[in-house]
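Quick notes on the structure that follows.
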Amino acid sequence: MIKPRSRNVAPVTPSLDDFIRQPEQPAARELEPNASRKFKTVSLPMNEYEYSQLHAACKKTGRSEKNLLRYAMMLYAKEVLAE
4 MIKPRSRNVA PVTPSLDDFI RQPEQPAARE LEPNASRKFK TVSLPMNEYE YSQLHAACKK
64 TGRSEKNLLR YAMMLYAKEV LAE
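Each step along the sequence shown adds one to the number in the numbering used here, with nothing skipped, and position 56 is 59.
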């Protein structure tokens, strides 16, 4: 026969009022500009003309395609956010 175990510790159950009164914790944290790039991936469909422009710019600047897109995005973001 199975012997039931008795629980000595009462489970902690916060009341609904305590939960509602808790301040909201902001999720903002300091972001690291040189952190690893495993957060988000973007797939970008391009036509042949756009890809040829990207390839020519990469060849001229010596940057990889991903690096050139990141660099251009950061330049544009700084310009837009400075307004």
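For glycine and all other residues, C-beta sits at the position ideal for the given N, C-alpha and C.
- Message: According to DSSP, simplified to helix, strand and coil, what is Phe22?
- Response: Looking at Phe22 - three-state DSSP - the assignment turns out to be helix.
- Message: I need the straight-line Cα distance from Ala60 to Met49, nearest angstrom please.
- Response: Roughly 15 Å separates the two Cα atoms.
- Once you ignore the five residues that flank Ser67 on each side, which residues in its own chain have a CB closer than 8 Å to its CB? Around Ser67, the same chain offers Cys61 as residues with beta carbons nearer than 8 Å, after the five sequence neighbours per side are excluded.
- Message: Taking the alpha carbon of Arg40 as the reference point, which residue from Glu82, Pro7 and Asn70 has its own alpha carbon closest?
- Response: Relative to Arg40, the option among Glu82, Pro7 and Asn70 whose CA is nearest is Asn70.
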